[in-house]
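Enquirer: The structure follows.
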Amino acid sequence: MSNGFIKEKIKTDEKRRQKSDRNLKIFMCIFLIGYIFFYTSNYTFPKVYKTRELTIAGDSVEFDNLTLTLDTWDYSPNDKMFEIVFDVDNLNVTEKTKWNFTCRSGDNILPTEVHRDIEGNILVIRTKKVPSRFTDISLMIRCNGSSSSIYSQDRVMHKVHKISNRSNKDYRIYASRCRIKGYEYKVEKKDVAAKKTQQKITLAKKKINALKRDMKYQTADEQERTTGKIQDIEAEIINLGKDKENYESEKQEYIERIKAQKKLLKSLREN
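The opening position of the sequence shown corresponds to residue 2 in our numbering, with each subsequent residue numbered one higher.
So, in structure tokens, the structure goes:
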């Protein structure tokens with residue numbers, strides 16, 4: 002075998018090796034890009050949320066002779082845990098309440114238990130092994146044969162660094178503080194709704210004034226049609242006025258609840 006043939010074979014083998022190494026590097030780059038894209042897609046793309054009514058602090062769930070009011074839904078990413086605190090208003094003082102909770106993230110059922118039942122008035126629920134990437138959470142509550150579900154999302158939960166172990170007194174204080182914040186949020190929402198409704202009323206009145214000015218230059222038939230439009234708008238103003246009154250009334254109710262909670266909070270801290 003000649004030296005020239007050997008040298009040519011060595012060159013050919015070297016080119017093949019370099020091409021194979023280059024293809025391997027390209028494959029590894031594509032694999033790494035795909036891996037990074039897959040595991041960071043929740044951060045690079047907007048999260049998709051279900052359209053549903055969410056339960057926030059201050060909202061209540063009704064059962065027979067019993068009302069649960071959410072004080073706070075805490076989420077600790079570090080602990081991978083939820084802590085959900087309810088205020089319990091139980092009209093049946095003779096029968097012990099049997100609780101069962103099922104927490105779901107998508108199709109996954111998360112371990113959930115009653116962490117603390119404080120004299121039947123404060124109920125503390127804990128959910129463990131919460132996935133790091135989640136959006137919608139449902140909590141089914143079973144109580145003495147009845148059941149109801151509430152819903153939350155990561156964007157409305159109260160994020161905390163760590164879920165703390167509190168004394169019964171501290172849980173009562175914490176629940177009251179959180180309830181106040183929830184009511185303050187509701188006051189703000191009702192106030193915004195009332196102001197938006199007032200803006201609609203003002204705009205509707207301006208439309209009526211404009212239509213009345215136009216009537217001066219209209220025929221009898223046109224005036225009749227315009228009168229019908231004015232009557233429709235006036236009816237709309239009446240309905241908007243009722244909506245505004247409801248918003249103002251609900252706002253005032255939450256303000257009174259805040260006052261009551263502040264009195265309770267003061268009493269809890271002093272005792």
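Glycine included, each C-beta is placed from N, C-alpha and C at the ideal position.
Quantities reported herein were computed from a predicted structural model and do not represent experimental measurements.
Report yes or no: do the region 83-99 and the region 211-219 share at least 3 C-beta pairs separated by less than 8 Å?
Expert: These segments do not touch.
Enquirer: By a C-beta neighbour count over all protein chains shown, 10 Å radius and 16 as the cutoff for buried, is V131 buried or exposed?
Expert: Residue 131 sits at position 130 when you count from the first residue of the sequence shown. So V131 counts as buried.
Enquirer: Between I238 and the rest of its own chain, which residues show a CB-CB distance below 6 Å, the 5 nearest in sequence each way excluded?
Expert: Taking the first residue of the sequence shown as position 1, residue 238 is located at position 237. Closer than 6 Å at the Cβ level, and outside the excluded window around I238, lie I202 and A205.
Enquirer: Could you tell me the alpha carbon to alpha carbon distance between Q253 and H162, rounded to whole angstroms?
Expert: By one-based count along the sequence shown, residue 253 stands at place 252. By one-based count along the sequence shown, residue 162 stands at place 161. Straight-line Cα distance between these residues: approximately 34 Å.
Enquirer: Taking buried to mean at least 16 other C-beta atoms within 10 Å of its own C-beta, is Q200 buried or exposed?
Expert: Taking the first residue of the sequence shown as position 1, residue 200 is located at position 199. That one is exposed.
Enquirer: State the beta-bridge partners of C104 as determined by DSSP.
Expert: Position 103 of the sequence shown, counted from the start, is the residue given in the question as residue 104. Answer by DSSP bridge pairing, in chain order: L111 and L140.
Enquirer: Inspect the beta-carbon positions of D72 and E84 and report whether they are closer than 8 Å.
Expert: Position 71 of the sequence shown, counting from 1, holds the residue named residue 72. Position 83 of the sequence shown, counting from 1, holds the residue named residue 84. Result no, Cβ atoms of D72 and E84 do not sit closer than 8 Å.
Enquirer: Quick check on I181: buried or exposed, where buried means 16 or more other Cβ atoms within 10 Å of its Cβ?
Expert: If you number the sequence shown from 1, residue 181 lands on position 180. Counting Cβ neighbours within 10 Å, I181 comes out buried, since at least 16 surround it.
Enquirer: Would you kindly work out how many angstroms separate the C-alpha atoms of S42 and R134, rounded to a whole number?
Expert: Against the sequence shown, residue 42 aligns to sequence position 41. Against the sequence shown, residue 134 aligns to sequence position 133. With a pLDDT of only 48 at S42, under the threshold of 50, the placement of this residue in the model should not be trusted; the figure read from the coordinates follows. Using only the alpha carbons, I get a separation of about 10 Å.
Enquirer: Taking the C-alpha atoms as reference points, what is the distance between S61 and D80?
Expert: One-based indexing of the sequence shown puts residue 61 at position 60. One-based indexing of the sequence shown puts residue 80 at position 79. Rounded to whole angstroms, S61 to D80 spans 27 Å at the Cα level.
Enquirer: On a Cα-Cα basis, can you pick out the residue from K263, E246, L55 and V193 that is closest to R173?
Expert: To locate residue 173, count along the sequence shown from 1; it is residue 172. Ranking K263, E246, L55 and V193 by Cα distance to R173 puts K263 first.
Enquirer: Have a look at R127 and N109 and give me their C-alpha separation to the nearest angstrom.
Expert: Within the sequence shown, numbered from 1, the residue matching residue 127 stands at position 126. Within the sequence shown, numbered from 1, the residue matching residue 109 stands at position 108. Approximately 16 Å between the Cα atoms of the pair.
Enquirer: Just to confirm, are M141 and T98 a CB contact at a threshold of 8 Å?
Expert: Position 140 of the sequence shown, counted from the first residue, corresponds to residue 141. Position 97 of the sequence shown, counted from the first residue, corresponds to residue 98. Cβ distance not < 8 Å, so M141 and T98 don't count as in contact.
Enquirer: Whose C-beta lies closer than 6 Å to the C-beta of K196 among residues of the same chain, with five residues either side of it excluded?
Expert: Locating residue 196 in the sequence shown gives position 195, counting from the first residue. There are no such residues.
Enquirer: Looking at C-alpha atoms only, which residue of V49, H159 and A176 is the closest neighbour of V86?
Expert: Your numbering for residue 86 matches position 85 in the sequence shown. Cα-wise, what sits closest to V86 is A176.
Enquirer: Could you check whether Y248 and A211 sit closer than 8 Å to each other, using their CB atoms as the reference points?
Expert: Taking the first residue of the sequence shown as position 1, residue 211 is located at position 210. Taking the first residue of the sequence shown as position 1, residue 248 is located at position 247. For A211 and Y248, no; Cβs fall outside 8 Å.
Enquirer: How big is the Cα-Cα spacing for K129 and I138?
Expert: Translated into the one-based positions of the sequence shown, residue 129 becomes position 128. Translated into the one-based positions of the sequence shown, residue 138 becomes position 137. Their Cα atoms are separated by approximately 13 Å.
Enquirer: Expressed to the nearest angstrom, what Euclidean distance is found between the alpha-carbon atoms of E271 and P78?
Expert: Along the sequence shown, read from residue 1 onward, the residue named residue 271 stands at position 270. Along the sequence shown, read from residue 1 onward, the residue named residue 78 stands at position 77. Distance between the alpha carbons of E271 and P78 is about 33 Å.
Enquirer: Would you please state the rounded distance, in angstroms, between the beta carbons of D244 and T198? I believe it to be under 8 Å.
Expert: Looking up residue 244 in the sequence shown gives position 243. Looking up residue 198 in the sequence shown gives position 197. Yes, they are in contact, since the Cβ atoms of D244 and T198 sit about 5 Å apart, within 8 Å.
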